[in-house]
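Take the sequence shown: its letter number 395 is residue 402 in UniProt numbering, and every next letter is one higher. A virtual CB, placed ideally from N, CA and C, is assigned to each residue, including glycine. Remember, predicted model here, so these are calculated numbers, not experimental data. I have placed the structure first, in the form of structure tokens, so that the comments after it can refer back to it.
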Amino acid sequence: PVSLSGRFKGSFAYFTIKDRLPQILTRVIDTLHRHKNEFFEEHGEKGVEAEKRAISFLSKLRNELQTDKPVTPLEDELPDAALWNQYLDYQRNLPNGNGEPSWFQSPWLYVECYMYRRIHAALALKFKIKTLHSAEFEAYRIFNMLQFCPPINNFDVFKEGKAQNFFESQEAVIALCTYFQELLKNIKDLDEKQLQEEFLKLLQVSLWGNKCDLSFSAGEDSSQKSSPLQSLENMVPYILVNDMEKVWSLLVNAKKNRTERSNVRVDIILDNAGFELVSDLVLADFLLSSKLADEVYFHGKSIPWYVSDTTKHDFNWTIKQLGSANHMWMSRCGINWEGNLKKGVWVFHDHMFWTLPHDFSSMSEVAPDLYAELQKSNLLLFKGDLNYRKLTGDRKWEYSIPFHQALNKFHPAPLCSLRTLKSDTQVGLKPGQGEQIQASETEWMESHDRVLLDIPVTREQMNHYRAAA
Ligand code: F6P
Ligand code: MG
């Protein structure tokens, strides 16, 4: 565990736990208040009573967080609770541990994930779902397809924010979908060079789509106002590690070596709903339409996570929005991706592992079924900052250590990360690049010190100092 005070003061970890996470919890509590009548209509007095219990549970959680209380074991009956509690024991017994793990004395990655799981518990458990048999992995499927939870239990407290962000990004969504529609019209006439150009463009749109995430912008996200395709050229200097050509050659070779029996499969480990998800869907459709891939698997979250991460509901809702005629502007997109799901060339896959605190080097033993699933892929695209942190164990690595070393033997299939920096971990840099980040980080922290104390940093300010990996 790394203490948040002292060494980390002024780091983004410190800023997150001290300022941002309590703000997120406050927004969650406000959302519950705003839905009070809905709970009453749907569940009568019981609903209002349960909503009150959830609010007191979350207010207590916020106080624990702000006053550095011990991190407590999960007492709910949900099947992943045992894995969370095993992980807590592991934290307790760390050689340089400080005894009882607490919010400020535990690794940032752990306590931030833990907060989102406690929010889920507040909403799922306070409504008295039937007891599930305890913690086998398989039981999770039952939880996941749980039908006997009253609707309130599947209440995604971040849903409004995600939908609002989607509609606020409509200019960028329309620009991207209209561009893609045009591209599809003549994609069969493009030669390999032209296809490569289009691939690199859409890969960058998916990368920069990661800038907009609501856990980070405290909800007011305005980064996707402009057309996503115009700014690509002048964003190239901000790309710290650029292996896009290697990704292209891997796909071209996979296609050349494709046999009758073996499909070329690409897996996208999704991050945020909204514009970023649309950019991932466009990229996935390009892979199919250009015949670079035969099937795309999308991996999403089983519970509401990091405010804007994509759940199965978000995935299906977004595809329906883009295909539906009921939204004036949406019908101009006129994209029908539901067909890809029906044909099975697009598959949505969710697994509890993605919403555990474990970094990915433990997947082969904690979630062997998921690891085996990923091994079937020709290419894994990990989207976003949280996935990057779990790929690299969220360690304070030297900037120049190679990415594959930081993976700590996690390698189910060829993989790459498309991530904009929102946290301190960074690897794979050339000599001198690290100092560039360090300098801008210090400059950012110093010039934003007052920001750390009262108002959330805006994305533009943050992005001016940080760049994409
Ligand atoms: O502090 C910013 C943060 O909450 C990180 O903890 C987390 O890694 C990131 O935002 C989530 O960003 P993304 O949606 O890109 O994974
Ligand atoms: Mg996210």
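Task: Sub-9 Å separation of T362 and S309 beta-carbons - done: Locating residue 362 in the sequence shown gives position 355, counting from the first residue. Locating residue 309 in the sequence shown gives position 302, counting from the first residue. Contact flag set, yes.
Open item on the list: As a quick exercise: from P419, D75, E119 and H42, pick the residue whose alpha carbon is nearest that of E372.
Closed with: Within the sequence shown, the letter at position 365 stands for residue 372. Comparing Cα positions, the closest option is P419.
Open item on the list: Using a Cβ-based criterion (distance less than 8 Å to any ligand heavy atom), does G216 qualify as near the ligand MG?
Closed with: Within the sequence shown, residue 216 is the residue found at index 209, counting from 1. With a threshold of 8 Å, the Cβ atom of G216 does not count as near the ligand MG, since no heavy atom of the ligand is closer than that.
Open item on the list: On the criterion of 16 or more Cβ atoms from any shown chain inside 10 Å, does P375 qualify as buried, or is it exposed?
Closed with: Residue mapping note: residue 375 aligns to position 368 of the sequence shown, counting from 1. Classification for P375: exposed.
- [ ] Please classify D96: does DSSP put it in a helix, a strand, or coil?
- [x] As a first step, residue 96 must be located in the sequence shown, where it is residue number 89. Correct three-state label for D96: helix.
- [ ] Could you spell out where the alpha helix (DSSP H) holding D321 opens and where it closes?
- [x] Here the question's residue 321 lines up with position 314 in the sequence shown. Looking at the DSSP string, the run of the alpha helix (DSSP H) that includes D321 is K319 to G330.
Task: Continuous beta strand (DSSP E) assignments of at least 3 residues falling wholly in the region 229-279 - done: Counting only runs of 3 or more residues that sit fully inside the region 229-279, the beta strand (DSSP E) segments are 272-276, in chain order.
Task: Sequence-distant residues of the same chain with beta carbon closer than 8 Å to W344, five excluded per side - done: Indexing the sequence shown from 1 puts residue 344 at position 337. Answer for W344: L288, D292, I326, L329, G330 and W353, listed in chain order.
Open item on the list: Check for me: the alpha helix (DSSP H) holding L288 runs from which residue to which?
Closed with: Position 281 of the sequence shown, counted from the start, is the residue given in the question as residue 288. Per DSSP, L288 belongs to the alpha helix (DSSP H) from F282 to S296.
- [ ] Identify whether S430 lies in helix, strand or coil by the three-state DSSP scheme.
- [x] Translated into positions along the sequence shown, residue 430 becomes position 423. Coil.
- [ ] Report all residues from its chain with a CB closer than 7 Å to the CB of S78; omit the five preceding and five following residues, and keep chain order.
- [x] The count along the sequence shown starts at 1 and reaches residue 78 at position 71. Rather than Ser, the amino acid found at residue 78 in this sequence is Val. Only residues of its own chain outside the window of five on either side were considered, and among them L95, P108, S109, W110, S113, V118 and Y121 have a CB closer than 7 Å to the CB of V78, listed in chain order.
Task: Cβ contact (3+ pairs, closer than 8 Å) linking the region 250-259 and the region 169-176 - done: Not touching, per the Cβ criterion.
TODO: Out of D163, L299 and P235, state which residue places its alpha-carbon closest to the alpha-carbon of N264.
DONE: Position 257 of the sequence shown holds residue 264. The residue with the shortest Cα to Cα distance from N264 is L299.
Open item on the list: Quick check on the burial criterion: 16 or more other C-beta atoms within 10 angstroms. Buried or exposed for N240?
Closed with: To locate residue 240, count along the sequence shown from 1; it is residue 233. Reading off the sequence, residue 240 comes out as Glu, not Asn. By the C-beta density criterion, E240 is exposed, having fewer than 16 other C-beta atoms within 10 angstroms.
TODO: Compare the Cα-Cα distances from K416 to each of T427, T432, S369 and G441 and report the closest residue.
DONE: For the purposes of this step, residue 416 is taken as residue 409 along the sequence shown, with counting starting at 1. For the residues T427, T432, S369 and G441, the minimum Cα distance to K416 belongs to S369.
Task: For G439, the first and last residue of its enclosing beta strand (DSSP E) - done: Numbered from 1 along the sequence shown, position 432 holds the residue referred to as residue 439. In the DSSP assignment, G439 falls outside any beta strand (DSSP E) and carries neither an H nor an E.
TODO: Return yes when the C-beta of Y313 is under 8 Å from any heavy atom of the ligand MG, and no when it is not.
DONE: Mapped onto the sequence shown, residue 313 falls at position 306. The answer is yes for Y313.
Task: Three-state class that DSSP yields for V314 in the structure shown - done: Here residue 314 refers to the residue found at position 307 of the sequence shown. V314 falls in the coil class under three-state DSSP.
TODO: Please report the Cβ distance between R272 and S424, rounded to the nearest whole angstrom; I am assuming they are in contact, meaning their Cβ atoms lie under 8 Å.
DONE: One-based indexing of the sequence shown puts residue 272 at position 265. One-based indexing of the sequence shown puts residue 424 at position 417. Incorrect: roughly 19 Å between the Cβ atoms, too far for contact.
Open item on the list: For a test of your reading of the model: does the CB of K308 fall under 8 Å from any non-hydrogen atom of the ligand F6P? Yes or no.
Closed with: The sequence position of residue 308 within the sequence shown is 301, counting from 1. Outside the cutoff, so no.
Open item on the list: Rounding to the nearest angstrom, what Cα-Cα distance links T432 and N279 in this structure?
Closed with: Along the sequence shown, one-based indexing puts residue 432 at 425. Along the sequence shown, one-based indexing puts residue 279 at 272. Approximately 20 Å, taken between the alpha carbons.
Open item on the list: Does the beta-carbon of F19, which I'm using as the reference point, lie nearer than 8 Å to any heavy atom of the ligand F6P?
Closed with: Walking along the sequence shown from the start, residue 19 turns up at place 12. At least one heavy atom of the ligand F6P falls within 8 Å of the beta-carbon of F19.
TODO: Would you please state the rounded distance, in angstroms, between the beta carbons of L414 and L247? I believe it to be under 8 Å.
DONE: Working through the sequence shown from its first residue, we reach residue 414 at position 407. Working through the sequence shown from its first residue, we reach residue 247 at position 240. Contact flag wrong, Cβ pair sits at about 17 Å.
- [ ] Could you check what DSSP says for D196 in three-state terms: helix, strand or coil?
- [x] Residue numbering aside, residue 196 sits at position 189 when the sequence shown is read from its first letter. Three-state result, D196: helix.
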